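Residue numbers for the sequence shown follow the UniProt record's numbering, beginning at 1 and rising by one.
Ideal Cβ placement from N, Cα and C applies to all residues, glycine included.
Since the model is a prediction, treat every value here as computed from it, not as a measurement.
Have a look at the structure below before the remarks.
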Amino acid sequence: MAIERTLSIIKPDATARNLTGKINAKFEEAGLRIVAQKRILLTVGQAGTFYAVHKERPFFGELTEFMASGPVVVQVLEGEGAIMKNREVMGATNPADAAPGTIRAEFAQSVGENSVHGSDSPEAAAEEIAYFFSGLELVG
Ligand code: CMP
């Protein structure tokens, strides 16, 4: 399988509970390498641009306000099949459906406050990485 990169976000519910290290340990234990990482505070507008694909959804306002409610850690994860592997490590969007041992099963509080985001396709990964990181910040 090819080496891929994917965009991950540790969301405000997780940074508020000081879970960055525990979540990063899950990625690293799964063989994903954190090749770029920064802690930032998004505006509602910046969160809206990032989640533009969801702008017609009823939860869009709730989602963008939540993503701007506190710091997030944006990061690039690299590894074999990193996009799908990260989605396995995260678990299902709704923590009630997430498999035991996954990040969302262990840490998420609700479908909205679900601790992490991960790109869902190679196209999304490329677009989402470029939204937060310049080439100079990706040192491998
Ligand atoms: P994420 O993987 O970041 O992609 C879109 C996000 O929308 C998703 O995780 C959830 O946090 C959020 N989301 C999905 N469904 C709902 C919902 N019914 N109510 C609130 N937020 C939702």
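Helix, strand or coil at residue i [DSSP, three-state]
i, result
"Thr6", "strand"
"Gln109", "coil"
"Ala92", "coil"
"Gly81", "coil"
"Gly21", "helix"
"Val44", "helix"
"Val139", "coil"
Anticipated Cβ contact below 8 Å, residue i with residue j, distance rounded
i, j, result
"Ala68", "Val53", "So it is not a contact: roughly 18 Å between Cβ atoms."
"Val139", "Val35", "7 Å"
"Glu80", "Ile3", "6 Å"
Bounding residues of the alpha helix (DSSP H) (the contiguous stretch that carries residue i)
i, result
"Ala125", "122-132"
"Asp97", "Premise fails: Asp97 is in no alpha helix (DSSP H) and is neither H nor E."
"Met1", "Element bounds for Met1: n/a, residue is neither H nor E."
"Pro12", "12-16"
"Gly70", "That residue, Gly70, is in no alpha helix (DSSP H); it is neither H nor E in DSSP."
Element boundaries [beta strand (DSSP E), containing residue i]
i, result
"Ala36", "33-40"
"Gly118", "116-118"
C-alpha distance - residue i paired with residue j, whole-angstrom precision
i, j, result
"Gly31", "Glu78", "9 Å"
"Ala25", "Ala108", "16 Å"
"Ala105", "Gly112", "14 Å"
"Ala124", "Ser8", "11 Å"
"Thr64", "Tyr51", "8 Å"
"Gly61", "Phe132", "21 Å"
Residue i CB to nearest heavy atom of ligand 1 below 7 Å
i, result
"Tyr51", "yes"
"Thr93", "yes"
"Asn114", "yes"
"Phe107", "no"
"Val111", "yes"
"Leu63", "yes"
"Phe59", "yes"
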